[in-house]
Amino acid sequence: MLYSAFILGILGSFHCIGMCGPIAFMLPVSRDNKVHKFFQIFLYHIGRLLSYSIIGLAFGLIGKSLNLFGIQQQLSIGIGILMILVILLPSKKLQKYNFSQPLYRLVGKVKSSLGAALKKKTPDTFLTIGFLNGFLPCGLVYMAVFGAIAAGGITEGSLYMLLFGMGTIPLMTTAVYFSSLLGGKLRNKVQRLIPAFVVLMGLLFIMRGMGLDIPYLSPAPATAMVEASASCH
306 MLYSAFILGI LGSFHCIGMC GPIAFMLPVS RDNKVHKFFQ IFLYHIGRLL
356 SYSIIGLAFG LIGKSLNLFG IQQQLSIGIG ILMILVILLP SKKLQKYNFS
406 QPLYRLVGKV KSSLGAALKK KTPDTFLTIG FLNGFLPCGL VYMAVFGAIA
456 AGGITEGSLY MLLFGMGTIP LMTTAVYFSS LLGGKLRNKV QRLIPAFVVL
506 MGLLFIMRGM GLDIPYLSPA PATAMVEASA SCH
């Protein structure tokens, strides 16, 4: 399922342009030295990937803990259903269950630190901005987090979020260099594809959890494979 993370990052980056684009536009990059500008943007992306990997590590640990109880398949199905519900349910109903309220103070501190970092131009500034950027609330990141939990392991969860972040790099880099190319019409067209893709991801997670013995898409449960191997002997 790792490839879904990269595709979500690519499509989701059009959403990221609206949410994180202002930060990318405000990066204090060098206007005269192209080499310096390239490495400054590179450090910004490394910071984002680092924060996404840490998030994936944390939620991958949750997935691994649930996996130890032998409910990996049920977890995958549950995550898939949750992804679909988030897209299909009216946003007004979801706002009643805003689980991010307790994080507002933390988010406020992140934004304050981000604002201070944007005023500096030292090399570590760009790494800091990217790192803090990765922790800002984002609906697409939440979808990727679901995938990291369903990945069922610390390494897998971290890799899932890392690939998601890598998928956002091409367009976020374009936003810094050629912001005029990312017109509103193009963003709107691609953003319409995001809900459909998230629903497709949800269906894929459900199919994986069902263990239909379809190679790569819905592999048979490990217990079933052991039993089949034992019967062959």
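The sequence shown runs 306 to 538 under our numbering. Think of the CB as a built atom: it goes at the ideal place given N, C-alpha and C, for glycine as much as any other residue.
Check, Outcome
"Cβ neighbours of glycine 507 in the same chain (closer than 6 angstroms, five flanking residues each side left out)", "Gly385, Met388 and Ile389"
"Euclidean distance between Cα positions of isoleucine 551 and proline 500", "No statement about residue 551 is possible, as the shown extent of the chain runs from 306 to 538 and does not include it."
"Exposure of tyrosine 357, with buried meaning 16 or more beta-carbon neighbours within 10 Å", "buried"
"For phenylalanine 374, three-class secondary structure by DSSP", "coil"
"Close Cβ partners of methionine 471 (< 8 angstroms) along its chain, the five nearest in sequence each way excluded", "Phe311, Gly314 and Leu354"
"Proximal residues to alanine 329 (C-beta, below 7 angstroms), its chain only, five neighbours per side dropped", "Met477, Ala480 and Val481"
"Rounded C-alpha distance that separates leucine 316 from glutamine 378", "27 angstroms"
"Per-residue DSSP class, three states only, for threonine 430", "helix"
"Buried or exposed by the 16-neighbour rule on C-beta atoms within 10 Å, applied to leucine 394", "exposed"
"Option in Arg497, Met466, Ile474 and Leu498 with minimal Cα separation from tyrosine 308", "Met466"
"Through-space distance from aspartate 518 to serine 534, alpha-carbon basis", "Since pLDDT at serine 534 reaches only 44, below the 50 mark, its modelled position is unreliable, and no value is offered."
"Leucine 437 versus isoleucine 360: straight-line alpha-carbon distance, rounded", "12 angstroms"
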